[in-house]
């Protein structure tokens with residue numbers, strides 16, 4: 005069935021994204037991995053919406069896109085701030101706070 | 029798809045808006061926008077005006093909350109996506125009052141630290157706006173938007189000290205963990221939406237409880253949504269960001285995160301559990317049980333070896349998240365739909381968590397207010413710096429002892445009543461799982477007494493290390509914050525009916541419990 009293919013694609017993207025967030029140590033790549041997860045969600049929402057003939061899914065996807073844009077704006081600002089203060093965006097170097 | 033949209037557009041009629049029900053949010057939105065405009069026009073010259081305006085805005089938003097509570101009828105808008113009932117109103121009141129106390133705590137801290145002031149308050153108000161929306165959200169989309177509205181400004185607040193490496197790191201960790209969690213939660217929400225065909229929580233409840241056993245999609249959806257909220261309320265094993273963020277962020281922001289942001293996570297979780305997933309308790313009960321037990325045990329044991337008071341309070345707040353999650357682990361569909369007296373059991377769990385949240389908010393905000401006041405003199409948050417505090421700041425010592433002992437749950441301070449309600453909710457269903465969790469709560473409360481008591485001993489018994497006896501100068505607004513939280517903590521403990529009366533709320537009325 006058609007829906008399965010969309011859901012499978014979304015699941016694969018979701019796994020790639022989670023892997024990226026957990027493994028990558030570069031701030032930018034982690035942000036991109038999070039974006040991949042959010043796009044997996046959007047595929048899911050639109051596919052389910054089309055299947056059930058319910059516009060709720062598309063509306064939800066639009067909200068998710070808008071919110072993701074705002075989130076990434078803040079994320080880029082924070083990573084930029086880190087670069088300004090440290091000249092590096094390697095997350096494993098951010099280890100001042102622990103215990 | 030587009031055709032469906034156009035078709036729907038053809039017969040579009042404006043949904044009726046109950047302006048009274050939406051007025052707390054609208055007032056806060058108006059004040060937030062006003063502050064942003066004032067900031068653009070007058071820049072930093074408007075500092076003092078902005079502080080006053082944000083306090084007035086928060087208190088003004090409390091007025092419609094009170095009038096709505098007096099009116100008493102539950103109101104519902106947008107097909108049931110926005111509901112104002114007693115539960116929503118008591119939580120709105122808690123959020124507005126905690127935010128007011130945070131503004132009082134911030135006034136001098138932010139001004140003296142040479143931080144950006146006007147933006148700070150508009151961010152704070154935006155975050156509170158998200159929290160108010162969360163209390164009324166009964167729909168996946170509105171829950172998601174409310175969660176992001178309250179989180180995104182909080183990421184910026186945590187990073188407020190732009191040139192401080194620790195604050196950068198606090199914000200970075202909070203941001204990455206928070207966004208990752210909300211992405212996972214969103215994936216879970218998309219699965220729940222897919223299995224129900226609607227974003228309304230009541231519709232989801234019908235769809236997920238239709239089958240005898242949960243389908244794989246529903247199970248995955250529930251698990252992912254729970255993981256998302258577990259990050260937000262900093263439950264173990266999703267708590268790693270909390271101590272780092274709390275330590276690195278400006279202290280008033282830490283107070284805000286540990287109280288209001290955590291409470292908002294609980295509100296969203298309770299909305300989804302009680303209204304949307306109550307029929308699938310076979311999936312969520314074991315998960316919440318594990319989260320609650322792990323948070324209590326890990327939070328308290330790690331707090332034992334902390335040398336920084338902010339980190340200690342961070343781990344203690346993780347443990348408190350465990351106590352607050354515990355009643356939710358005994359809520360089940362059998363209990364709800366068996367009818368008669370058993371509805372009371374599920375409602376009892378909700379009331380226990382709400383009561384605990386209110387009492388915890390007062391004591392924890394107070395403790396952070398004392399930390400801010402003391403840091404004005406000793407310039408550190410190390411617990412060793414509190415040695416001999418009683419010698420030169422007896423008032424602050426007494427207050428800190430009140431707050432810490434309330435968190436520990438010693439009568440007659442507020443905390444005991446919260447713990448009492450939690451234990452009552454855990455034991456009354458009479459299940460082995462509930463009783464085990466109750467036992468864990470008791471054991472952990474005893475462990476917690478040790479590290480709260482250690483700070484008290486340092487303050488009362490030990491000598492001042494450097495012999496510097498100059499008193500701590502507490503500014504008026506900070507003193508007001510201390511006074512408000514202390515009065516609340518004492519009042520909740522001496523007259524539990526005071527808070528008990530307001531937390532007689534229910535989320536189950538709407539779903540035929």
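Chains as they are written, first to last, in the working numbering: chain A, 5 to 103; chain B, 29 to 541.
Here a beta-carbon is modelled for each residue, glycine too, at the ideal position from N, C-alpha and C.
Would a C-beta distance cut-off of 8 Å place residue 267 of chain B and residue 337 of chain B closer than the cut-off?
Along the second chain, one-based indexing puts residue 267 of chain B at 239. Along the second chain, one-based indexing puts residue 337 of chain B at 309. Against a cut-off of 8 Å, the Cβ pair of residue 337 of chain B and residue 267 of chain B comes out as no contact.
Roughly how many angstroms lie between the CA atoms of residue 123 of chain B and residue 91 of chain A, to the nearest whole one?
Here residue 123 of chain B refers to the residue found at position 95 of the second chain. Here residue 91 of chain A refers to the residue found at position 87 of the first chain. Straight-line Cα distance between these residues: approximately 39 Å.
Using a Cβ-Cβ cut-off of less than 9 Å, give me the residues of the region 81-95 of chain A that come near chain B, in sequence order.
Cβ proximity to chain B below 9 Å picks out 81, 82, 83, 85, 86, 88, 89, 90, 95 from the region 81-95 of chain A.
Can you tell me which of the three DSSP states residue 369 of chain B falls into?
Counting from 1 along the second chain, the entry for residue 369 of chain B is found at position 341. Note that residue 369 of chain B scores 47 on pLDDT, short of 50, meaning its location in the model is unreliable; the coordinates nonetheless yield the value given after this. Residue 369 of chain B falls in the coil class under three-state DSSP.
Just mark residue 458 of chain B as buried or exposed, buried being the case when its beta carbon has 16 or more other beta carbons within 10 Å.
Looking up residue 458 of chain B in the second chain gives position 430. Label assigned to residue 458 of chain B: exposed.
Under the three-state reduction of DSSP, which class applies to residue 58 of chain A: helix, strand or coil?
Taking the first residue of the first chain as 1, we reach residue 58 of chain A at position 54. Residue 58 of chain A: coil per DSSP, three-state reduction.
Within the continuous beta strand (DSSP E) that includes residue 41 of chain B, where are the two ends?
Locating residue 41 of chain B in the second chain gives position 13, where the first residue counts as 1. Here residue 41 of chain B belongs to no beta strand (DSSP E), and DSSP marks it neither H nor E.
Anything in the region 189-202 of chain B with a Cβ closer than 8 Å to a Cβ of chain A? List those residues in chain order, please.
If the cut-off is 8 Å between Cβ atoms, the region 189-202 of chain B has 190, 191, 193, 194, 196, 197, 198, 199, 200, 201 near chain A.
Could you tell me which residues DSSP pairs with residue 352 of chain B in its beta bridges?
Here residue 352 of chain B is taken as the residue at index 324 of the second chain, counted from 1. The partner list for residue 352 of chain B (beta bridge, DSSP) is empty, contrary to what the question assumes.
Taking a contact to mean a Cβ-Cβ separation below 8 Å, would you say residue 53 of chain B touches residue 157 of chain B in this structure?
Locating residue 53 of chain B in the second chain gives position 25, where the first residue counts as 1. Locating residue 157 of chain B in the second chain gives position 129, where the first residue counts as 1. Residue 157 of chain B is positioned such that its CB atom lies closer than 8 Å to that of residue 53 of chain B.
Closer than 8 Å by C-beta to residue 403 of chain B: which residues in its own chain qualify, once you throw out the five before and the five after it? Chain order, please.
Position 375 of the second chain, counting from 1, holds the residue named residue 403 of chain B. Its chain contains 279, 409 as the residues whose beta carbon lies nearer than 8 Å to that of residue 403 of chain B, once the 5 sequence neighbours on both sides are disregarded; these appear in chain order.
Would you say residue 412 of chain B reaches chain A, if we count a Cβ-Cβ gap shorter than 8 Å as a contact?
The residue labelled residue 412 of chain B in the question sits at position 384 within the second chain. No, residue 412 of chain B does not count as interfacial toward chain A.
Going by beta carbon distance, what residues of the same chain come within less than 6 Å of residue 34 of chain A, once the five residues before and after it are set aside?
One-based indexing of the first chain puts residue 34 of chain A at position 30. Apart from the 5 residues on each side of it in sequence, residue 34 of chain A sits with its Cβ closer than 6 Å to the Cβ of 25, 28 in its chain, given in chain order.
Give the straight-line distance between the Cα atoms of residue 13 of chain A and residue 294 of chain B, rounded to the nearest whole angstrom.
Position 9 of the first chain, counted from the start, is the residue given in the question as residue 13 of chain A. Position 266 of the second chain, counted from the start, is the residue given in the question as residue 294 of chain B. The C-alpha of residue 294 of chain B is placed about 32 Å away from the C-alpha of residue 13 of chain A.
Compute the distance between the beta-carbons of residue 90 of chain B and residue 117 of chain B, then report whether it is under 8 Å.
Taking the first residue of the second chain as position 1, residue 90 of chain B is located at position 62. Taking the first residue of the second chain as position 1, residue 117 of chain B is located at position 89. No.
Using a threshold of 7 Å, is the CB atom of residue 468 of chain B nearer than that to any non-hydrogen atom of the ligand GTP?
As presented, the structure is devoid of all ligands, the ligand GTP included, so that no description of it is given.
Between residue 448 of chain B and chain A, is there a C-beta pair that is closer than 8 Å?
In the second chain, the residue the question calls residue 448 of chain B occupies position 420. Judged by the 8 Å Cβ criterion, residue 448 of chain B is not in contact with chain A.
Between which two residues does the beta strand (DSSP E) carrying residue 505 of chain B extend?
Here residue 505 of chain B corresponds to residue number 477 of the second chain, with the count starting at 1. Not the beta strand (DSSP E): residue 505 of chain B falls in the alpha helix (DSSP H), residues 504-522.
If you reduce the DSSP assignment to three classes, tell me which class residue 333 of chain B lands in.
Counting from one through the second chain, the residue named residue 333 of chain B turns up at place 305. Looking at residue 333 of chain B - three-state DSSP - the assignment turns out to be coil, as it is neither helix nor strand.
Per DSSP, what kind of secondary structure is residue 92 of chain A in: helix, strand or coil?
Within the first chain, numbered from 1, the residue matching residue 92 of chain A stands at position 88. Reduced to three states, the DSSP call for residue 92 of chain A is coil.
Against chain B, does residue 73 of chain A count as a neighbour if the rule is that its beta carbon must be under 8 Å from one of theirs?
Along the first chain, one-based indexing puts residue 73 of chain A at 69. At a cut-off of 8 Å between beta-carbon atoms, residue 73 of chain A makes no contact with chain B.
Is the CB of residue 369 of chain B under 8 Å away from at least one CB in chain A?
Along the second chain, read from residue 1 onward, the residue named residue 369 of chain B stands at position 341. With a pLDDT of 47 at residue 369 of chain B, under the threshold of 50, the modelled position of this residue cannot be trusted, and the question is left open.
What does residue 106 of chain B touch in chain A if you count any residue whose Cβ is under 9 Å from its own?
Here the question's residue 106 of chain B lines up with position 78 in the second chain. Here the premise fails: no neighbours, minimum Cβ distance about 12 Å.
Between residue 69 of chain A and chain B, is the shortest Cβ-Cβ distance under 8 Å, so that the two count as touching?
Position 65 of the first chain, counting from 1, holds the residue named residue 69 of chain A. Not a single CB atom of chain B sits nearer than 8 Å to the CB of residue 69 of chain A.
Residues sharing a beta bridge with residue 26 of chain B, DSSP
Any question about residue 26 of chain B goes unanswered here, given that chain B covers just 29 to 541.
Apart from the five residues on each side of it in sequence, which residues of its chain come closer than 6 Å, Cβ to Cβ, to residue 417 of chain B?
One-based indexing of the second chain puts residue 417 of chain B at position 389. Only 425, 487 meet the Cβ criterion.
With DSSP as the reference, please indicate the residues paired to residue 147 of chain B in a beta bridge.
The residue labelled residue 147 of chain B in the question sits at position 119 within the second chain. Assignment of beta-bridge partners to residue 147 of chain B by DSSP yields no partner.
Taking 8 Å as the CB-CB cut-off, is residue 145 of chain B touching chain A?
Locating residue 145 of chain B in the second chain gives position 117, counting from the first residue. Against chain A, the CB of residue 145 of chain B has no partner CB under 8 Å away; the residue lies outside that interface.
For residue 30 of chain A, write down the residues that DSSP places opposite it in a beta bridge.
By one-based count along the first chain, residue 30 of chain A stands at place 26. As computed with DSSP, residue 30 of chain A is found in a beta bridge with A:94.
Considering just the uninterrupted stretch of the alpha helix (DSSP H) at residue 449 of chain B, what are its terminal residues?
Residue numbering aside, residue 449 of chain B sits at position 421 when the second chain is read from its first letter. Note, residue 449 of chain B: alpha helix (DSSP H), 443-455.
Given this structure, state the Cα-to-Cα distance separating residue 442 of chain B from residue 530 of chain B, to the nearest angstrom.
As a position in the second chain, residue 442 of chain B is number 414, starting the count at 1. As a position in the second chain, residue 530 of chain B is number 502, starting the count at 1. Straight across, the Cα-Cα distance linking residue 442 of chain B with residue 530 of chain B is about 15 Å.
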